[in-house]
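*Asks:*
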Amino acid sequence: MKRTHHCNELRAPHIVQTVSLAGWVHVRRDHGGIIFIDLRDREGLTQVVFDPEHNPKAAELSHGLRSEFVIAVEGTVRARPAGTENPKLPTGAIEVLAHNLTVLNPSETPPFQIEDSGGTLAGEDLRLQYRYLDLRRPSMAKNLILRHKVAKTTRDYFDQHGFLEVETPILFKSTPEGAREYLVPSRVNPGKFYALPQSPQQFKQMLMVAGVERYFQLAKCFRDEDLRADRQPEFTQIDVEMSFIDREDMYALIEGLLAQVWQVARGEKIPTPFPRMPYIEAMERFGSDKPDTRFGMELVDVSDDFKQSKFKVFRGAVDAGGVVKALNAKGLACVTQGQIDNLTETAKSFGAKGLAFIKVEGGQWKSPIVKFFNDAEKAAMTAKLKIEEGDLILFGADKREVVWEVLGRIRLIVAEMLNVKREGWNFLWVVDFPLMTFDHETNRYLSTHHPFTAAVAEDVPLLDTDPHKVRGQHYDIVLNGVELGGGSIRIHQPDVQKKVFEDVLKIPKEIAETRFGYMLTAFRYGAPPHGGIALGFDRLCAILCGSANIRDVIAFPKTAKAMDLMTNSPAEVEPKQLRDLHVKLDVET
RNA sequence: GGGGGCGUAGCUCAACUGGUUCAGAGCGCUGCCCUGUCACGGCAGAGGUUGCGGGUUCGAGCCCCGUCGCUCCCGCCA
């Protein structure tokens, strides 16, 4: 009795057909005589009716059905009696009158209900322990299906554009400058280790030297860093690299991909090309290099208005070469002192010395600092910040990087407090990042992204004189305040790459040689100009599903402590395994 | 490494300031009844070491210390 249809397939035109369905008992409604079963499979629900007057044997057997029993049913599709159709189900116009019932496998009572609606969702730890049950929930099945569709669309898109999907090694070599890596001891090479790749970066560049020209891969990547709602220790990237291109080619390519993905996954047209914003502008206006541009509340620079101010905090910041910036939280004058204190704590945790504010209530400016302001300063602020009754103005005064960070965070928190409408899909290219940032701890320059990023051509002469002024040919794709991905045009000249390693980043010559020597060698054999990008595939799928959490789009994710609760991994291993690997443990027990 | 939240029945949660509604509700589960339900309905019932270990107290689900687990954030994620 093989099934003829799935559970979201039968409609009015199938009426009178004899069909077979198989699936799980979703719910049972036993009226004593007639019995209704909602039969569930991956695709949906179909109501099956057992009628003792029609088939006493099947009806009798159906009394014993319980949640999650696996059954097969043979029956006739028929219209539901007038008035009993269920408009909530796609299959709600019909039902299957069962002739035969086979219990393929009974089920114990599940530890939680396999149900999306009903209001109670079991705790995530329990759902992770019984992930195979959690994945039966229609919303999770939907997520898996959507993820598949996005993957398929991606592969089709790149195939149509002449790309080859090439697999790169999972057993790679340690490259300690980036994220912490997972290490794999080598049995046949005692004392030596592989590392799992944080990304296929170096391999994809080698593929360009190899003449592949257009490469992509749905690549598994691994980072042994602490987890977040949008970070798992293993995750998937849409990894791309192309030869003979410039930044414009990459923007167009990715815009086309995302337009196609949105079309397939959500049936929505997204406008292209996407707007672009230089890094400096993003920081000045939004205090973030991944600005959420769905709402305003932008940072406004008022430094000039306080150059002569009597308020020492503001004037001092300007005198020291810093800035004074403010944002207007429209309508938040009702904020409580406790909430102000919380905001201040937040500001301090990001490096601010405090958080000055003005409440505009009852036609007055209420603030501990308002007494320091003269009329000109007040007028300037009123105009620049469009201050009105009911507003709350929040200030940052410090080095500009600190003010960016602090007000950027405050802006997001305040938007949350105000429940500001954030709708639509605001794609944005953030461009012109600084190639290098100075690290005060180690007293040297570090690559903002990675050391393979090429400089903007006109800035190259500054590499020797003003490294911090050099812009990289790097681009981030941002959607609604989430960094979806990033990439760059790469350095392809061996002398330039060597110079970046040794002269600019001050990586000792021997270390540069052991870690990247093969790249420099490769570049000497006719490396084409090339560039690439990588998009966070899990984040992309989560956004498309409307979830803030990438665990919802990963079949078997790990907890915040990087545990797999279903298999209890990681776990201890046998002493013999360790001996084979030449590994001795040093752990407290 | 640091900070916040949570942990009470199989599940989701309640239990005011530590004390006579102090172990409760809804769902699920079990039994009986029920022939058009789809959150089916009715009657009855079972089910608890309040995560674990200490402590304070006449008295602890509630307070304190430790510990374990889940979660969010900071650091970290070239």
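Numbering follows the working numbering, with no gaps: position 342 of the first sequence is 1712. Cβ coordinates follow ideal geometry from the N, Cα and C atoms, glycine included.
(1) Could you check what DSSP says for residue 1393 in three-state terms: helix, strand or coil?
(2) Assuming contact is defined by CB atoms lying nearer than 8 Å, are residue 1693 and residue 1671 in contact in what I supplied?
(3) In its own chain, which residues sit with a C-beta less than 8 Å from the C-beta of residue 1836, not counting the 5 before and 5 after it?
(4) On the three-state DSSP scale, how would you describe residue 1890?
(5) For residue 1677, does the count of other Cβ atoms within 10 angstroms reach 16, so buried, or fall short, so exposed?
(6) Near residue 1811, which residues of its chain fall below 8 Å by C-beta distance, leaving aside the five closest residues on each side in sequence?
(7) Shortest alpha-carbon distance to residue 1847 belongs to which of 1889, 1838, 1492, 1858?
(8) So which of 1665, 1894, 1673, 1405 has the shortest CA-CA distance to residue 1579?
(9) In whole angstroms, give me the CA-to-CA distance for residue 1537 and residue 1567.
(10) Along the beta strand (DSSP E) that carries residue 1732, what are the first and last residues, could you check?
(11) Assuming residue 1621 contacts residue 1774 under a Cβ cut-off of 8 Å, what Cβ separation, rounded to an integer in Å, is found between them?
(12) What does the alpha-carbon distance come out to for the pair residue 1514 and residue 1415?
(13) Between residue 1761 and residue 1824, is the Cβ-Cβ spacing less than 8 Å?
(14) As a quick exercise: from 1378, 1496, 1563, pick the residue whose alpha carbon is nearest that of residue 1462.
(15) Take residue 1428 and list the residues in its own chain whose beta-carbon comes closer than 7 Å to its own, dropping the five residues that flank it on each side.
(16) Check each candidate in 1897, 1883, 1913 and name the one with the smallest Cα separation from residue 1860.
(17) Is it the case that the segment 1771–1785 contacts the segment 1698–1713, given that we only count it when at least three CB pairs across the two stretches are under 8 Å?
(18) For residue 1564, report the span of its beta strand (DSSP E) as first-last.
(19) Within the same chain, show all residues whose beta-carbon is closer than 7 Å to that of residue 1408, passing over the 5 residues directly before and after it, in chain order.
(20) On a Cα-Cα basis, can you pick out the residue from 1618, 1576, 1456, 1439 that is closest to residue 1474?
(21) Going by beta carbon distance, what residues of the same chain come within less than 6 Å of residue 1327, once the five residues before and after it are set aside?
(22) From residue 1892 to residue 1882, what distance separates their C-alpha atoms?
(23) Between residue 1413 and residue 1384, which are expected to be in contact by the criterion C-beta below 8 Å, what is the C-beta distance as a whole number of angstroms?
*Replies:* From the atom records:
(1) strand
(2) yes
(3) none
(4) helix
(5) exposed
(6) none
(7) 1858
(8) 1894
(9) 12 Å
(10) Unbroken run through residue 1732: none, as it is neither H nor E.
(11) At roughly 25 Å, the Cβ-Cβ gap does not stay under 8 Å, so residue 1621 and residue 1774 are not in contact.
(12) 17 Å
(13) no
(14) 1378
(15) 1420, 1468, 1469, 1470, 1471
(16) 1897
(17) yes
(18) 1563–1565
(19) 1396, 1397, 1415, 1417
(20) 1439
(21) Limits of the chain in this structure are 1371 at one end and 1959 at the other, which puts residue 1327 out of reach.
(22) 14 Å
(23) Contact doesn't hold; Cβ gap of about 15 Å is too wide.
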